[in-house]
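In our numbering, the protein residues as written are 3 to 388. Don't be surprised by glycine CBs; every beta carbon is placed ideally from N, CA and C. Owing to the predicted nature of the structure, the values given are computational and were not obtained by experimental measurement. One structure is given below, encoded as structure tokens.
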């Protein structure tokens, strides 16, 4: 029996994780559930899965959650500090980090320092602090199991292989809903259009990042740290069918690929069950319906955020943190219809040029970098509205 803490249980990854846990009650026990603001769904989940602890990030919602669970033998907490503490409880075996954006960083670090296995669905943790995170994983003799479909695919391709034989990582991207649009057409896309992903069912933040291809840039940075591979050995390939989830090329020219339907249940289940594979017969490829698989290079001019990701990881230091913070503000502003889709990369570039660069930041300096970038980015948005 593995005891699971789910940070972000009411989001897309969190709800799908609970689907899997409900299918394997003899293998997994939900020990911790946390959410940002959706206290009603969190209460429903708690009543069904009976965790030891539930935490709501927004402290103003504590009383509502507490009252909803008054008849349950469940500890109810609130606030970011409580989430970080719950991630590292002694009874937890695996901490699945599915919180959105920068908010997942400190709880993940706390869980690593407590020696927990990390099922990582929060790529921003490695984008912001990849060097610090990988060092802490080694120091605490624990491991990160990737939950993103692409990184799970790479991980699976490398099982049993000598990492020294890795020549190149081929990171696939669906291209999102706008891959066929012109630069002029991108100026006028709507929020509704951006949220309509052709292949994947994801939360709003990740869906917008996929549409801008920022998500793929962050995944490149994540892969750099997860697999100790320099960015020049990571190639992005647009693959509209989302059947090949990523590939690995070896020194002898051989290429391994992991294929499957576009369903996040599969990589989540692989991470929770590792090193065992658990059955899921209802989620299998129907080869009769696959007539071709396409691959082509992304357009870095049309999707400049992808290019900025390579620039940020090449610069190193706190530059990926700056890019991530600016993007979080940009996505929120776009979803609130304060800026256009094409304003998001403009905001990111502004932040990368204006926020102080630190070559070897400490965790405290990364926290300060995030705060400064968010403040500058929010002011940039206000100036656009003036």
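For residue j and residue i, believed in contact at Cβ under 8 Å, the rounded distance
| i | j | result |
| --- | --- | --- |
| residue 218 | residue 175 | 4 Å |
| residue 260 | residue 158 | 5 Å |
| residue 48 | residue 76 | 6 Å |
| residue 61 | residue 81 | 5 Å |
| residue 168 | residue 304 | Their Cβ separation, rounded to whole angstroms, is 30 Å, which puts residue 168 and residue 304 out of contact at 8 Å. |
| residue 252 | residue 171 | The Cβ separation is near 11 Å, so there is no contact. |
| residue 210 | residue 123 | At roughly 17 Å, the Cβ-Cβ gap does not stay under 8 Å, so residue 210 and residue 123 are not in contact. |
Given residue i as reference, the closest of the options once Cα atoms are compared
| i | options | result |
| --- | --- | --- |
| residue 338 | 207, 111, 293, 33 | 207 |
| residue 173 | 52, 221, 165, 369 | 221 |
| residue 96 | 272, 291, 327, 298 | 272 |
| residue 39 | 361, 26, 85, 4 | 85 |
| residue 347 | 365, 135, 155, 324 | 324 |
| residue 182 | 326, 288, 298 | 298 |
| residue 78 | 45, 98, 100, 93 | 45 |
| residue 376 | 270, 332, 263 | 332 |
| residue 373 | 388, 353, 385, 387 | 353 |
| residue 267 | 12, 171, 18 | 18 |
| residue 165 | 231, 133, 196, 153 | 231 |
| residue 383 | 30, 198, 367, 328 | 328 |
| residue 54 | 83, 28, 91, 69 | 91 |
| residue 205 | 186, 93, 334, 343 | 334 |
| residue 99 | 93, 115, 74, 127 | 127 |
| residue 349 | 385, 51, 224 | 385 |
| residue 196 | 344, 122, 312, 369 | 344 |
| residue 180 | 314, 198, 171 | 198 |
For residue i, the three-state DSSP class (helix, strand or coil)
| i | result |
| --- | --- |
| residue 250 | strand |
| residue 195 | helix |
| residue 235 | helix |
| residue 218 | helix |
| residue 39 | coil |
| residue 62 | helix |
| residue 312 | helix |
| residue 375 | helix |
| residue 87 | helix |
| residue 30 | strand |
| residue 368 | helix |
| residue 360 | coil |
| residue 267 | helix |
| residue 298 | strand |
| residue 97 | strand |
| residue 290 | helix |
| residue 280 | coil |
| residue 257 | strand |
| residue 71 | coil |
| residue 55 | strand |
| residue 189 | coil |
| residue 388 | coil |
Beta-carbon proximity of residue i to residue j, cut-off 7 Å
| i | j | result |
| --- | --- | --- |
| residue 6 | residue 37 | no |
| residue 41 | residue 67 | yes |
| residue 147 | residue 130 | no |
| residue 177 | residue 213 | no |
| residue 293 | residue 155 | no |
| residue 112 | residue 89 | yes |
| residue 359 | residue 319 | yes |
| residue 149 | residue 238 | no |
| residue 119 | residue 136 | no |
| residue 2 | residue 357 | The structure shown does not extend to residue 2, since the chain is modelled only from 3 through 388, so no value can be given for it. |
| residue 114 | residue 139 | yes |
| residue 295 | residue 302 | no |
| residue 11 | residue 29 | no |
| residue 258 | residue 246 | no |
| residue 162 | residue 227 | no |
| residue 322 | residue 223 | yes |
| residue 51 | residue 32 | yes |
| residue 233 | residue 312 | yes |
Contact with chain B by residue i, beta-carbon distance below 7 Å
| i | result |
| --- | --- |
| residue 308 | Protein chain content of the structure displayed is limited to a single chain, and chain B is not contained in it. |
Contact test: residue i Cβ vs the ligand GDP heavy atom, cutoff 6 Å
| i | result |
| --- | --- |
| residue 341 | Inclusion of the ligand GDP in the displayed structure is not the case, the ligand content being empty and no account of it being possible. |
#### Entry: Contiguous alpha helix (DSSP H) assignments of at least 4 residues, all confined to the stretch 117-175
Fully enclosed alpha helix (DSSP H) runs of 4 or longer: 126-141, 151-160.
### Message
At 4 residues or longer, what runs of the alpha helix (DSSP H) sit wholly inside the stretch 332-356?
### Response
If one requires a minimum length of 4 residues, the alpha helix (DSSP H) runs lying completely within the stretch 332-356 are 345-356, in chain order.
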